[in-house]
Amino acid sequence: MDIVKHIQQHYDNLGVELRKLSIEQIANLKLAVFGFYFLLPNFEEVMKKYIQIDIDKKKLIVDIKNKNVADYRKAIEKSNAETDEYADDFEEAEPIEVFILEAFADATSDLDDVKSLERLFYGIIDALDCYENFSDNPEYWNNLVEKEIIFQLEILNIIKNQDIFDISIYQKKYINVTFNEL
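So, in structure tokens, the structure goes:
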């Protein structure tokens, strides 16, 4: 099977299905999917290093849920404005740091922003693929990528058919996976 073609087809289908969801379903999914990124190495340290904020994960989830994200958005904008890619001391972010930073920006965007939710889903597959490319056990990570595609479809079915959705679903799914620094 051509995995690249399979993943692209998944992305296309995912985008179509996400657009069928209500704003509340999108918001719950965004919170659930963002939970994956908390498991990546040095989440809090990356926020401190690049966005210059201390993150309390529980408060962050509550703030996102309550649409109280203005301070986070300002911190992102300030960080982006102060970043000088041509400065002698510029330090390019590592791939996992980029996944975390992009996920943070997407999670703190408007809760009904379907494109940001798509990017959160895509980022999980990309992060797992990154581990596959840089690990000593690529088969393990490849297997997780394949299972993740199926899991994303299962999540869509769950949220479409249930009023109550467990936003900790990703943290529970990956609780036994060790995401080391690359």
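Here the sequence shown stands for residues 33 to 214, numbered as in the working numbering.
Using N, Cα and C, we set each Cβ at its ideal position, and we do this for glycine too.
Note that the structure is a prediction, hence the values are computed from the model and not measured.
Under the rule that 16 or more other beta-carbon atoms within 10 Å means buried, what is V177, buried or exposed?
Taking the first residue of the sequence shown as position 1, residue 177 is located at position 145. Answer is buried; the Cβ neighbour count reaches 16.
Write down the C-beta distance between E150 and L61 rounded to the nearest angstrom, noting that I regard them as a contact closer than 8 angstroms.
Here residue 150 is taken as the residue at index 118 of the sequence shown, counted from 1. Here residue 61 is taken as the residue at index 29 of the sequence shown, counted from 1. The pair is not a contact, with the Cβ atoms about 10 angstroms apart (cut-off 8 angstroms).
Tell me which same chain residues have a C-beta within less than 7 angstroms of the C-beta of D86, skipping the five on either side of it?
Taking the first residue of the sequence shown as 1, we reach residue 86 at position 54. The answer, listed in chain order, is K80.
Does the segment 181-199 come within contact of the segment 159-168, defined as at least 3 CB pairs closer than 8 angstroms?
no
First through last residue of the alpha helix (DSSP H) which encompasses F122:
For the purposes of this step, residue 122 is identified with residue 90 of the sequence shown, where counting begins at 1. That residue, F122, is in no alpha helix (DSSP H); it is neither H nor E in DSSP.
With 16 other CB atoms within 10 Å as the buried threshold, where does I58 fall?
The residue labelled residue 58 in the question sits at position 26 within the sequence shown. Buried, by the Cβ-count rule.
Quick one: what's got a C-beta closer than 6 angstroms to Y69's C-beta in the same chain, skipping five residues either side?
The count along the sequence shown starts at 1 and reaches residue 69 at position 37. Same-chain partners within the cutoff: I132, A135.
Span separating the alpha-carbon of E171 from that of P127:
On the sequence shown, position 139 is the one that residue 171 refers to. On the sequence shown, position 95 is the one that residue 127 refers to. Roughly 20 angstroms between the two C-alpha positions.
For Y202, three-class secondary structure by DSSP
Counted from its first residue, the sequence shown places residue 202 at position 170. Reduced to three states, the DSSP call for Y202 is helix.
Excluding sequence positions up to five away, which residues of its chain have a Cβ less than 7 angstroms from the Cβ of D161?
Here residue 161 refers to the residue found at position 129 when the sequence shown is read from its first residue. Counting only Cβ-Cβ distances below 7 angstroms, and skipping sequence neighbours, we find V177.
Counted within 10 angstroms of its Cβ, other Cβ atoms place D138 as buried (16 or more) or exposed:
Counted from its first residue, the sequence shown places residue 138 at position 106. So D138 counts as buried.
Backbone CA spacing between I157 and D198 [nearest angstrom]:
Mapped onto the sequence shown, residue 157 falls at position 125. Mapped onto the sequence shown, residue 198 falls at position 166. Looking at the two C-alpha atoms, the distance is approximately 21 angstroms.
Report back the beta-carbon spacing between L46 and A159 to the nearest angstrom; my notes put them in contact at under 8 angstroms.
Here residue 46 is taken as the residue at index 14 of the sequence shown, counted from 1. Here residue 159 is taken as the residue at index 127 of the sequence shown, counted from 1. About 16 angstroms separates the two Cβ atoms, so there is no contact after all.
CA-CA distance, E124 and F153?
The residue labelled residue 124 in the question sits at position 92 within the sequence shown. The residue labelled residue 153 in the question sits at position 121 within the sequence shown. Spanning the two alpha carbons is a distance of roughly 24 angstroms.
Cα-Cα separation, E76 to E129:
Numbered from 1 along the sequence shown, position 44 holds the residue referred to as residue 76. Numbered from 1 along the sequence shown, position 97 holds the residue referred to as residue 129. Cα-Cα distance, rounded: 11 angstroms.
Distance check for R105 and H42, CA to CA, integer angstroms please.
Numbered from its first residue, the sequence shown carries residue 42 at position 10. Numbered from its first residue, the sequence shown carries residue 105 at position 73. Straight-line Cα distance between these residues: approximately 30 angstroms.
Is N208 helix, strand or coil by DSSP?
Your numbering for residue 208 matches position 176 in the sequence shown. Three-state result, N208: coil.
Endpoints, alpha helix (DSSP H) assigned at F70
The residue given as residue 70 occupies position 38 in the sequence shown. First-last of the alpha helix (DSSP H) with F70: 55-70.
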